[in-house]
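Chains S and C supply the protein sequences, listed in that same order.
Residue 106 in our numbering sits at position 106 of the first sequence; the count goes up by one each step and never skips.
Residue 167 in our numbering sits at position 167 of the second sequence; the count goes up by one each step and never skips.
Here a beta-carbon is modelled for each residue, glycine too, at the ideal position from N, C-alpha and C.
Structure, as structure tokens:
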Amino acid sequence: MDNIAGKKSGLTWAVNVTVLALVVIWLIPTVGLLVSSFRERDQISASGWWQAPFSVELTYRTRGGEPVQQPDGSWLSEGNIFDTDEVKSAFASGDGRVTAFGTRSIAPAEFPAGTEADLGDGETLVVNPNGSYRYTTPEEQTRGPRIYFEAKTPPQFTLDNYRTVLTADNMDRAFINTLTVTVPATVIPILIAAFAAYALAWMDFPGRGLLIAAVVGLLVVPLQLALVPLLRLHQTIGIGQSFVGIWLAHTGFGLPLAVYLLRNYMVGLPRDIIESAKVDGATDFQLFVRIVLPLSFPALAAFAIFQFLWTWNDLLVAKVFLPSDDASKVMTVKIADDLLGSRGGDWGILATAAFVSIAVPLLVFFAMQKYLVRGLLAGSVK
Amino acid sequence: MNPIVQGLITIVVGVGGCVAYFYFSNLILDKVIFPATGKNPGRNINRANQVRPWLFLFPAIFALGLYLAYPVVGSFIRSLYNRSGGTFVGFENYANLFASTGFRTAFFNNLLWVLFVPAASTFLGLVAAQLTDRLRWGAIAKSLIFMPMAISFVGASLIWKFVYANDADIGLINAIRAQFGFQPLDVLQIPFWNNFFLMVILIWIQTGFAMVILSAALRGIPEETIEAAIIDGAGPFQLFFKIMVPQIMPTIVVVWTTITVLVLKVFDIVYTMTGGNFGTDILPSYMMSFMFRDDGRATAVAFVIMIVVLPVMFWNIYQARKEMR
Chain S
1 MDNIAGKKSG LTWAVNVTVL ALVVIWLIPT VGLLVSSFRE RDQISASGWW QAPFSVELTY
61 RTRGGEPVQQ PDGSWLSEGN IFDTDEVKSA FASGDGRVTA FGTRSIAPAE FPAGTEADLG
121 DGETLVVNPN GSYRYTTPEE QTRGPRIYFE AKTPPQFTLD NYRTVLTADN MDRAFINTLT
181 VTVPATVIPI LIAAFAAYAL AWMDFPGRGL LIAAVVGLLV VPLQLALVPL LRLHQTIGIG
241 QSFVGIWLAH TGFGLPLAVY LLRNYMVGLP RDIIESAKVD GATDFQLFVR IVLPLSFPAL
301 AAFAIFQFLW TWNDLLVAKV FLPSDDASKV MTVKIADDLL GSRGGDWGIL ATAAFVSIAV
361 PLLVFFAMQK YLVRGLLAGS VK
Chain C
1 MNPIVQGLIT IVVGVGGCVA YFYFSNLILD KVIFPATGKN PGRNINRANQ VRPWLFLFPA
61 IFALGLYLAY PVVGSFIRSL YNRSGGTFVG FENYANLFAS TGFRTAFFNN LLWVLFVPAA
121 STFLGLVAAQ LTDRLRWGAI AKSLIFMPMA ISFVGASLIW KFVYANDADI GLINAIRAQF
181 GFQPLDVLQI PFWNNFFLMV ILIWIQTGFA MVILSAALRG IPEETIEAAI IDGAGPFQLF
241 FKIMVPQIMP TIVVVWTTIT VLVLKVFDIV YTMTGGNFGT DILPSYMMSF MFRDDGRATA
301 VAFVIMIVVL PVMFWNIYQA RKEMR
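Structure follows, in structure tokens:
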């Protein structure tokens with residue numbers, strides 16, 4: 001349409017800027033999550049993720065070395081606070097800068113760096129911006145002085161959150177549970193739906209139109225209706241809350257979309273191919289397995305992606321049809337019910353858990369977007 | 001048993017069972033019940049072909065009937081009984097619901113969601129579709145706007161917690177407010193407007209869906225109509241709103257209704273963000289607060305959702321039947 005729309009260059013420029021703004025707005029929240037998942041807990045609470053590449057000012061607590069008696073009788077402790085045991089690991093890169101220091105926890109930044117602080121009783125302490133300190137006292141002390149200081153900390157990115165999430169919080173178990181729910185719940189409906197879709201598309205029998213209408217109607221039945229009666233049914237027939245139960249439930253809930261999508265696609269297959277196969281003596285079963293099924297691959301792939309995303313991301317069905325013990329929680333339930341409660345303030349862990357749970361769907365999405373779009377279009381554009 | 005092993009067995013049994021069912025049922029039909037030999041081969045073949053569609057359809061009809069059709073009736077019947085399910089109480093559950101303020105809040109909020117989310121998603125999707133269609137990097141832009149579609153509602157809620165957090169060092173909104181010297185504020189606790197902050201999350205997810213479908217529809221518009229409008233001197237806005245939008249109206253309706261139905265199912269966002277507190281409950285999340293505790297009430301809420309969806313259902317069936325003719 002470019003050549004006929006007769007656009008002015010000003011308009012093109014405006015369109016570019018608008019789309020760029022839209023894309024940035026759409027991406028910002030996810031980028032925030034991703035960045036936060038790699039930051040240290042202290043850094044997350046000290047500055048926003050958008051400041052992650054910059055240094056943050058954090059308050060540290062450490063203890064200086066033990067004072068040594070000098071020839072004049074006073075006691076002196078000297079050294080560099082960045083090298084003290086308690087903070088060594090945070091300043092491993094060696095580019096920390098002290099901005100202020102203090103000796104009491106209620107006033108950790110009482111004195112600007114480089115000034116000599118008079119602590120009373122003849123004690124003095126000075127901490128320079130480069131971290132070197134000098135503490136003098138007239139009397140013998142058994143321990144080094146307690147020093148608080150505020151320092152510019154270089155940005156730090158770590159995989160600690162991922163380590164915690166994947167090992168300590170049962171998230172590894174939840175990940176495997178999600179996978180266990182998803183794969184059978186994606187594979188099983190496809191076959192059932194494909195046969196039904198073929199019958200609805202290419203076989204003639206009374207009541208076909210009615211059945212198609214019924215499938216269209218069932219597409220919009222709210223899941224909420226199914227929860228109570230089906231859970232009861234599962235309990236009556238002995239499945240109860242279990243993986244078998246959730247596989248069956250997902251199969252049932254996914255079928256209307258599967259039948260609808262596949263039928264819409266199969267109806268569009270060229271009539272010639274199907275009729276000439278019939279003339280050559282192929283039975284419906286052969287026709288379906290040898291010709292229609294291979295030709296319908298794009299629609300099958302589209303539904304598989306839908307069903308995969310839907311079952312992976314589902315919270316409602318998992319909450320109702322799976323037991324609520326820790327051993328069978330899927331990731332969405334784990335995050336919504338456990339982490340948000342117990343680790344509500346631990347943003348790094350939350351971000352990481354969320355990212356672990358959305359990583360697989362995002363991979364599938366970007367790898368198979370073509371099929372997803374095609375499937376969407378088969379479902380809604382005529 | 002280890003769930004993974006159980007899962008693998010299920011796949012094998014499920015897929016193998018389906019294949020075996022379809023294969024052997026066809027075989028038995030053709031060789032045993034109506035063999036194409038003997039006295040009346042022609043009649044037998046015809047009869048076999050009359051039965052065969054039902055062989056193909058049976059598993060799907062059975063599963064659909066059991067998992068979707070039966071619950072509609074089952075839920076309705078259950079909603080007429082009391083909490084324990086032992087006593088028939090007629091429409092008492094419904095009467096109690098409509099009398100409770102919690103339900104009325106949820107109903108009113110749901111109405112807001114149904115009005116606002118489809119409208120905003122469709123509009124933004126339409127704008128995004130039209131704008132990206134003309135760009136060289138439009139495909140990338142589209143794919144990035146479409147991306148939230150793959151993210152779970154729970155994941156999306158967590159993502160947006162980093163925007164809404166009541167802390168200028170975590171929440172983006174409060175960081176921007178802090179730049180202008182305002183105090184931090186928990187946007188999820190502002191009465192009434194907090195609903196809209198929750199809706200934004202769903203709009204963020206659904207705009208990509210609307211965009212993808214509408215962009216295909218826009219491409220399907222015959223070029224002659226556009227050329228004619230340009231020759232007649234239509235500006236870009238006139239072209240868009242008076243020529244293009246009316247031609248893709250049927251698709252807009254499909255997108256709108258699809259998102260409307262989705263809105264009535266999503267309880268995850270409210271559940272994760274506010275737990276239904278601060279006056280943000282909607283019907284699906286309100287139902288979950290009764291789930292496992294009072295099945296009578298829970299099914300009554302579910303049935304109310306069903307009634308709200310009914311018009312969309314009839315409209316869809318009507319459209320589908322019109323297309324088939």
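Going by the DSSP bridge assignment, what does residue i pair with across the sheet?
i, result
"S/Ile-147", "S/Thr-62"
"C/Trp-193", "None; C/Trp-193 has no bridge partner."
"S/Leu-315", "None, per the DSSP bridge assignment."
"S/Gln-69", "S/Trp-75"
"S/Asp-118", "S/Thr-124"
"S/Ala-100", "S/Pro-112, S/Glu-150"
"S/Ser-157", "In the sequence as displayed, the identity of residue 157 of chain S is Phe instead of Ser. For S/Phe-157, which the question treats as bridged, DSSP gives the partners S/Arg-39."
Counting only beta-carbon atoms, is residue i nearer than 7 Å to chain S?
i, result
"C/Ile-305", "yes"
"C/Val-5", "no"
"C/Trp-113", "no"
"C/Ser-75", "yes"
"C/Lys-31", "no"
"C/Lys-39", "no"
"C/Asp-169", "yes"
"C/Ser-152", "yes"
"C/Ala-298", "yes"
"C/Asp-295", "yes"
"C/Trp-193", "no"
"C/Met-313", "yes"
"C/Ile-159", "yes"
"C/Arg-52", "yes"
"C/Ile-281", "It is worth fixing the name first, because residue 281 of chain C is Asp in this sequence and not Ile. For C/Asp-281, the answer is no, since every Cβ of chain S falls outside 7 Å of its Cβ."
Closest Cβ-Cβ distance between residue i and chain C: below 7 Å?
i, result
"S/Ser-55", "no"
"S/Gly-238", "no"
"S/Trp-13", "no"
"S/Gln-241", "no"
"S/Arg-173", "no"
"S/Asn-3", "Low per-residue confidence applies at S/Asn-3: pLDDT is 46, beneath 50, and the placement is therefore not dependable enough to give any value."
"S/Leu-210", "no"
"S/Ala-221", "Rather than Ala, the amino acid found at residue 221 of chain S in this sequence is Val. Chain C, which has a Cβ nearer than 7 Å to the Cβ of S/Val-221, makes this yes."
"S/Val-381", "Here S/Val-381 scores only 45 on pLDDT, less than 50, and its place in the model should not be relied on; the value that follows carries that caveat. Interface residue, yes."
"S/Val-360", "no"
"S/Leu-322", "no"
"S/Val-330", "no"
Helix, strand or coil for residue i per DSSP?
i, result
"S/Lys-382", "Residue placement at S/Lys-382 is flagged as unreliable, the pLDDT there being 39, under the threshold of 50; a coordinate-derived value is accordingly withheld."
"S/Asp-2", "Per-residue confidence for S/Asp-2 stands at a pLDDT of 47, beneath the threshold of 50, marking its modelled position as unreliable; no derived number is given."
"S/Ala-107", "strand"
"C/Gln-130", "helix"
"S/Val-220", "coil"
"S/Ser-132", "strand"
"S/Glu-57", "strand"
"S/Thr-137", "strand"
"C/Asn-26", "helix"
"S/Asn-80", "strand"
"C/Phe-88", "strand"
Selection of the stretch 23–53 of chain S by Cβ proximity to chain C, strictly under 8 Å
Listed by position along the chain: Val-23, Trp-26, Leu-27, Ile-28, Pro-29, Thr-30, Gly-32, Leu-33, Ser-36, Ile-44, Ser-45, Ala-46, Ser-47, Gly-48, Trp-49, Trp-50.
Give, in chain order, every residue of the stretch 252–280 of chain S whose Cβ lies closer than 7 Å to some Cβ of chain C.
Gly-252, Phe-253, Leu-255, Pro-256, Val-259
Could you list the residues in the stretch 109–134 of chain S with a C-beta less than 8 Å from some C-beta on chain C, going in chain order?
The stretch 109–134 of chain S vs chain C, Cβ under 8 Å: nothing.
For the stretch 337–351 of chain S, which residues have a CB atom closer than 8 Å to at least one CB atom of chain C, in sequence order?
Leu-340, Trp-347, Leu-350, Ala-351
contact_flag[the stretch 222–238 of chain S, the stretch 74–82 of chain C] where n(CB pairs < 8 Å) is 3 or more
yes
Three or more beta-carbon pairs under 8 Å between the stretch 319–337 of chain S and the stretch 251–271 of chain S, yes or no?
Result no; under three Cβ-Cβ pairs closer than 8 Å.
Three or more C-beta pairs below 8 Å linking the stretch 122–134 of chain S and the stretch 76–92 of chain S:
yes
Taking Cβ-Cβ distances below 9 Å as the criterion, which residues of the stretch 284–304 of chain S are in contact with chain C?
Asp-284, Phe-285, Phe-288, Val-289
Count the CB pairs spanning the stretch 95–102 of chain C and the stretch 168–177 of chain C that are closer than 8 Å, and state whether there are at least three.
no
With 7 Å as the C-beta to C-beta threshold (strictly closer), list the residues of the stretch 121–143 of chain C near chain S in chain order.
With the criterion set as a beta carbon lying under 7 Å from some beta carbon of chain S, the members of the stretch 121–143 of chain C are Ala-128, Leu-131, Thr-132, Arg-134, Leu-135, Ala-141, Ser-143, in sequence order.
Just checking, does the stretch 215–224 of chain C make contact with the stretch 292–304 of chain C on the three C-beta pairs under 8 Å criterion?
no
May I ask you to list, following chain order, the residues of the stretch 58–71 of chain C that have a beta carbon less than 8 Å from some beta carbon of chain S?
Answer set for the stretch 58–71 of chain C: Pro-59, Ala-60, Ile-61, Ala-63, Leu-64, Leu-66, Tyr-67, Leu-68, Ala-69, Tyr-70, Pro-71.
Is it true that the stretch 158–176 of chain S meets the stretch 55–66 of chain S, where meeting means three or more beta-carbon pairs spaced less than 8 Å apart?
no
Residues within the stretch 223–252 of chain C neighbouring chain S, beta-carbon criterion of under 8 Å
Of all residues in the stretch 223–252 of chain C, those with a C-beta nearer than 8 Å to a C-beta of chain S are Glu-223, Ile-226, Glu-227, Ile-230, Pro-236, Leu-239, Pro-250, Thr-251, reading in chain order.
Check whether the stretch 46–66 of chain C touches the stretch 189–205 of chain S, taking contact to mean three or more Cβ pairs, one atom from each stretch, closer than 8 Å.
yes
Pull out every residue of the stretch 144–171 of chain S whose Cβ sits closer than 9 Å to any Cβ of chain B, in chain order.
Among the chains of the structure shown, chain B does not appear; the protein chains present are S and C.
Counting beta carbon pairs with one atom in the stretch 180–198 of chain S and one in the stretch 248–258 of chain S, are three or more of them shorter than 8 Å?
yes
What are the residues in the stretch 83–105 of chain C lying within 8 Å of chain S by C-beta distance?
none
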